[in-house]
Amino acid sequence: MSRPSDHFDSPAPQAPAPDDDGNIVQPKLGFVGWMRWFWRQLTSMRTALFLLLLLALAAVPGSLVPQRAADPNGVTQYFVDNPTLAPILDKFQAFDVYTSVWFSAIYLLLFISLVGCVIPRAKHHFDALRAKPPRTPARLSRLAGFQKRTVEPVANGEAVRAVAAIESARKILRKSGYRAVVFSAPGKNGLETASVSAERGYARETGNLIFHAALVGILITVGLGGGFGYSGQRVVVAGGQTFVNTLSAYDSFNPGRFFNQTALDPYTIKLDQFTATYETKADGAFGQPTDYNAEVTTQERGGATQQSDIKVNSPLSIGGTDVYLLGNGYAPTITVKDPTGKVVFTDSVPFLPQDANLTSIGVVKIPDGLAKQIGMIGFFYPTQATSTTGAFYSTYPDDDYPVLTLNVYDGDLGLNGGVPTSVYSLDTDKMTQLTGGTTGVDSIELKPGDSQALPNGMGSISFDAVQRYASLDIHHDPTQGWVLLFAASGLAGLLISLFIPRRRVWVKASENTDGSLSLEYAGLARGEDPRLVSAVADIAERHATLLGEAPGRGDPPAS
Amino acid sequence: MTLDEYSIFFLYAAMVVYAFAFIAFALDLARRSAQVSAGNKVGIDGTVTVAPKVLETVGADGQLVAVAASQPASVAAGAPAVAAGSGSGSGSSVEGKGAGGAKGGRVAADGSVSRRSLSLRLGMAFTVLGFALEVVADVLRGIAAQRVPWANMYEFSMTGTVLIVGVFLVVNTRVDLRFLGTFISGLVLVLLGVSTVNYYVVIAPLPPALQSAWLVIHVFVASLGTAFFALGFALSGIQLLQARRENSGSALKFLKLKFLASLPDSTRLENLAYRVNIVGFVFWTFTLIAGAVWAERAWGRYWGWDTKEVWTFIIWVIYAGYIHARATRGWRGSRSAWLAIIGFGAVLFNFGIVNVFFHGLHSYSGL
Ligand code: HEM
Chain A
4 MSRPSDHFDS
14 PAPQAPAPDD
24 DGNIVQPKLG
34 FVGWMRWFWR
44 QLTSMRTALF
54 LLLLLALAAV
64 PGSLVPQRAA
74 DPNGVTQYFV
84 DNPTLAPILD
94 KFQAFDVYTS
104 VWFSAIYLLL
114 FISLVGCVIP
124 RAKHHFDALR
134 AKPPRTPARL
144 SRLAGFQKRT
154 VEPVANGEAV
164 RAVAAIESAR
174 KILRKSGYRA
184 VVFSAPGKNG
194 LETASVSAER
204 GYARETGNLI
214 FHAALVGILI
224 TVGLGGGFGY
234 SGQRVVVAGG
244 QTFVNTLSAY
254 DSFNPGRFFN
264 QTALDPYTIK
274 LDQFTATYET
284 KADGAFGQPT
294 DYNAEVTTQE
304 RGGATQQSDI
314 KVNSPLSIGG
324 TDVYLLGNGY
334 APTITVKDPT
344 GKVVFTDSVP
354 FLPQDANLTS
364 IGVVKIPDGL
374 AKQIGMIGFF
384 YPTQATSTTG
394 AFYSTYPDDD
404 YPVLTLNVYD
414 GDLGLNGGVP
424 TSVYSLDTDK
434 MTQLTGGTTG
444 VDSIELKPGD
454 SQALPNGMGS
464 ISFDAVQRYA
474 SLDIHHDPTQ
484 GWVLLFAASG
494 LAGLLISLFI
504 PRRRVWVKAS
514 ENTDGSLSLE
524 YAGLARGEDP
534 RLVSAVADIA
544 ERHATLLGEA
554 PGRGDPPAS
Chain B
790 MTLDEYSIFF
800 LYAAMVVYAF
810 AFIAFALDLA
820 RRSAQVSAGN
830 KVGIDGTVTV
840 APKVLETVGA
850 DGQLVAVAAS
860 QPASVAAGAP
870 AVAAGSGSGS
880 GSSVEGKGAG
890 GAKGGRVAAD
900 GSVSRRSLSL
910 RLGMAFTVLG
920 FALEVVADVL
930 RGIAAQRVPW
940 ANMYEFSMTG
950 TVLIVGVFLV
960 VNTRVDLRFL
970 GTFISGLVLV
980 LLGVSTVNYY
990 VVIAPLPPAL
1000 QSAWLVIHVF
1010 VASLGTAFFA
1020 LGFALSGIQL
1030 LQARRENSGS
1040 ALKFLKLKFL
1050 ASLPDSTRLE
1060 NLAYRVNIVG
1070 FVFWTFTLIA
1080 GAVWAERAWG
1090 RYWGWDTKEV
1100 WTFIIWVIYA
1110 GYIHARATRG
1120 WRGSRSAWLA
1130 IIGFGAVLFN
1140 FGIVNVFFHG
1150 LHSYSGL
């Protein structure tokens, strides 16, 4: 069986024969029979179509609700906004659609069907490639592009022989890429009749098989890549902070199922400088970023240091990984001293941008060295302005007029319970707010170089400098080149299978008693073939011209 | 005026001309309906053929009475036999005025008179003119922005519609699809209307993520694919109507779509739709792959089920389904046509709804 039995080109199914009483008896199926029946259903065109449409449908919900893999914050927010609906949706894996049981079931079934469909077809096609084109049909007149021409005996009275004429037709067909076989037999009048049966466009089926096989290739390589690859994020502050590619250096890390820690190549990346360029023209685009550039110094194990730039759209390849520049922001350098002037904290603290003008929020936690644990929630405005209500905001993303404000809390930072906490959030449940908000005490407000006393005589805080940071994504995917290769061969296979016509062409020559020769030409489309008729006409024209027939003397092509 | 203002001026001019094209194409369809009702033969190219008037000798006095074979109602008694003129009397103003003589059309050997459709030719002329104006508008926008003019919704709409019209014109050099003119000019007008009113943005520099050669390739090919899908959609739609007409005889009369009789039969329409849709499908496949390559560069992963990626995938799978349906017994014909229609619905949804209302990494629509 080459194609599924419900393929459009397959012979129509035979109804089971009625028995003596006129009832239709289904043959009894044993276990093997049932399995066969099931397999036939699974690998039918109808099932493939159904599963394809189901796949399209099943992909929709993932675009309607946020997905954990692509947008974890969106999912959290969704739970806050829809407290009753969200857990129900979650039961149906609506936040993990593309890894859900039901989505996976659909595409796995589809691919089983695909393999079950492609293997028999590949075998059949392999045989077809070596088989001869079929015999010339007895009557060509009902086929596509049929035309009949007559070649008169040439001047010296010598008749053109059918076999010779067909031999020249065969040559023409061969040159046009047809596989051709010649048949000859005596005709009804006892004279010779010969024909050539030719077929071309086997590549159409080859292309189709390549395409479907490439789909399987993509599925497998994507799966393997996910298993053996890993990805992680790390924030690096400009001005010399260095990332070493080891597990502990990552801020977050997502290993594939088969990840092995020894796979990490411990190269280093030092962020020397980060430059962001913004549109300065005062039209609609004022303040839009036009360029981000991270200048880094890298070093691979045992190698020399190297300078590189990492940009959006231009990742850095190093140590089997690709390093992408996916985010950036400000990291104010903050120093806290105790009342004696001893430094208890100094660091450039990455703040998370909140809007297009990079108003940013960050958290400083000081567990030790002061009378009490303190935590601070900071707001950073790269170019600060004051609204009519007195609230601060940022008017431009570059640090033209940077201001840092901090609300101070004291109490229990909650770091001792062993539960990991985010460096970007402060749990104020067990803390007391000392500045800002409803406390009646002004927030701490600093410009670069300023310092100010902490409340309750706990010490002092200074804002030393504005630093930029870059958020780097480090990915390792051993198979992505293969995925691309399969995708490209799939596209090539698709082009071949959709646009190379598969057709049969026949030329038949019969000798007549008056010494003339009747020539018949016809073709048959096998699949979509809009140019079949003109192709047959073209061959007829070339052949007849070769035989010395005056052009245009034949019967007009039957349409 | 700045270059961008010139661009807007040309765009408005193009829209006015497209509106004229739309009217002319619509008149052509109306004329086809009228001529079909009048019993005349109307070709795919809009040519109306009026059957020859049969000359009969009536009575012994040898008086000639002209009897129109196919339309007794409009007998112009005493008119010369060949002067079929505006024989149908069906009052479309654009058709020939020549009530006498062969001016009104070409007279064939059998005495039938065929007349080409003036409104159809006008429609095409307006379309070509509108296209030229819109290309100027598009190029000016590109020069003003110093980059390709397809980096936000406003620009996608402009370049996308240029491509839709361009593909329509190019395909017409191979197959006569002018009868789709009403649909194409109407679609383009609606898209341009919505986008100039809602999506116009001043020229802005490209954000870093869009600064890539892939913007040029990926977005352009996606628009090209869309243009082919649009044609396929129209063909499949007409195919459905045509199939209903063929199956139910005259049952569609209440729809007043008599012009269907002048269009190709449903099988031919299906084949045309298929040919156009597979070209669209190939472009879409390329878009999908190029998008993944670009996503790998810009976002660090080639596939992440971002909303826009999801919809590109859905569209691709629907059209793969369409191609399969064409090869599945029981699904050829109207059922597969429905899939092409749903597919184009998804394309429009992806462009008009996903870009605007869904958020994801593709939020570059400039809104
Ligand atoms: C991942 C799922 C699949 C996708 C995306 C897909 C896609 C396509 C596409 C795009 C074509 C047209 C291009 C060509 O002819 O090569 C096609 C054709 C074809 N597919 Fe699939 N396919 C899938 C699964 C299957 C399965 C499971 C079967 C078998 C039951 C199948 C059988 C066929 C056949 C027989 C054709 C040729 C149609 C013709 O004769 O015109 N495909 N497929």
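Top to bottom, those sequences are chains A and B.
Residue numbers for the first sequence follow our numbering, so the first one is 4 and each next one is one higher.
Residue numbers for the second sequence follow our numbering, so the first one is 790 and each next one is one higher.
All residues carry an ideal CB built from backbone N, CA and C; glycine is no exception.
For a Cβ distance threshold of 8 Å, residue set Ala73 of chain A lies close to Asp1095 of chain B, ordered along the chain. In the structure shown, the three-state DSSP call for Thr408 of chain A is strand. Around Leu222 of chain A, no beta-carbon contact reaches into chain B at under 8 Å, the shortest distance being about 12 Å. If you ignore the 5 residues before and after Gln302 of chain A, its C-beta comes within less than 6 Å of the C-beta of Thr271 and Thr308, all in its own chain and listed in chain order. Contact check for Pro385 of chain A against Ala359 of chain A fails: the beta carbons are separated by 8 Å or more. Taking a C-beta distance under 8 Å as the contact criterion, Ser446 of chain A and Thr338 of chain A do not qualify as a contact pair. Taking the Cβ of Ile1112 of chain B as the reference point, at least one heavy atom of the ligand HEM falls within a distance shorter than 7 Å. Leu800 of chain B has its alpha-carbon roughly 14 Å from the corresponding atom of Phe809 of chain B. Judged by DSSP in its simplified three-state form, Leu1046 of chain B adopts coil rather than helix or strand.
For Tyr989 of chain B, the CB contacts under 6 Å within the same chain, skipping 5 residues up- and downstream, are Tyr943 in chain order. Taking the beta carbon of His1007 of chain B as reference, no residue of chain A falls within 7 Å; the closest one sits roughly 12 Å away. Of all residues in the segment 292-324 of chain A, those with a C-beta nearer than 8 Å to a C-beta of chain B are Pro292, Thr293, Asp294, Tyr295, Lys314, Val315, Asn316, Ser317 and Pro318, reading in chain order. Residues of the same chain with a CB within less than 7 Å of the CB of Val247 of chain A, apart from the 5 flanking positions on each side, are Pro269 and Thr271 in chain order.
Taking a beta-carbon distance threshold of 8 Å, Tyr1063 of chain B counts as an interface residue toward chain A. Taking 3 residues as the shortest admissible run, the segment 404-487 of chain A contains the following complete beta strand (DSSP E) segments, listed from N- to C-terminal end: 406-414, 434-436, 447-449, 454-456 and 463-479.
Using beta-carbon distances, Phe1133 of chain B does not count as an interface residue toward chain A, since no partner is under 8 Å. A residue is called buried once 16 or more other Cβ atoms fall within 10 Å of its Cβ, and Asn987 of chain B, having fewer, is exposed.
Note on the segment 66-127 of chain A: whole alpha helix (DSSP H) runs with a minimum of 4 residues are 75-84 and 88-94, in chain order. Within the same chain, Leu1052 and Leu1058 come within 7 Å of Ile1027 of chain B by CB-CB distance, once the 5 residues on both sides are set aside.
Between Val315 of chain A and Lys273 of chain A, the C-beta spacing is not below 8 Å.
The segment 107-124 of chain A and the segment 172-185 of chain A do not touch, with fewer than 3 CB-CB distances between them shorter than 8 Å. Shortest Cα-Cα distance from Val1068 of chain B to any of B:Ala934, B:Phe915 and B:Ala1016 involves B:Ala1016. The distance from the Cβ of Asp341 of chain A to that of Gly372 of chain A is about 6 Å, consistent with a contact at the 8 Å cut-off.
Interface with chain A (8 Å Cβ-Cβ cutoff): Pro841 of chain B is excluded. Going by beta carbons, Leu535 of chain A and Ala147 of chain A fall inside the 8 Å limit. Taking 8 Å as the upper bound for CB-CB distance, Ile377 of chain A and Tyr412 of chain A are in contact here, some 7 Å apart.
For the segment 1081-1093 of chain B, the set of residues with a beta-carbon nearer than 9 Å to any beta-carbon of chain A comprises Ala1081, Val1082, Trp1083, Glu1085, Arg1086, Ala1087, Trp1088, Gly1089, Arg1090, Tyr1091, Trp1092 and Gly1093, in chain order.
In this structure, the beta-carbon distance from Pro938 of chain B to Pro292 of chain A does not fall below 8 Å.
The segment 949-957 of chain B makes contact with the segment 973-983 of chain B, as at least three CB pairs between them are under 8 Å. Counting only runs of 3+ residues, the beta strand (DSSP E) found wholly inside the segment 296-327 of chain A occupies 308-313 and 319-321, in chain order.
Under the three-state reduction of DSSP, Ser1001 of chain B is assigned to coil, being neither helix nor strand. At a beta-carbon threshold of 8 Å, the residues of chain B lying near Pro533 of chain A are Asn1060 and Arg1064, ordered along the chain. Against chain B, the CB of His479 of chain A has no partner CB under 8 Å away; the residue lies outside that interface. Scanning chain B for C-beta atoms nearer than 8 Å to the C-beta of Leu52 of chain A yields Gly1110, His1113, Ala1114, Thr1117 and Trp1120, reported in chain order. Here Thr971 of chain B is near Leu818 of chain B, since their CB atoms are less than 8 Å apart. The C-beta distance from Thr1117 of chain B to Leu52 of chain A rounds to 5 Å, short enough to fall under 8 Å.
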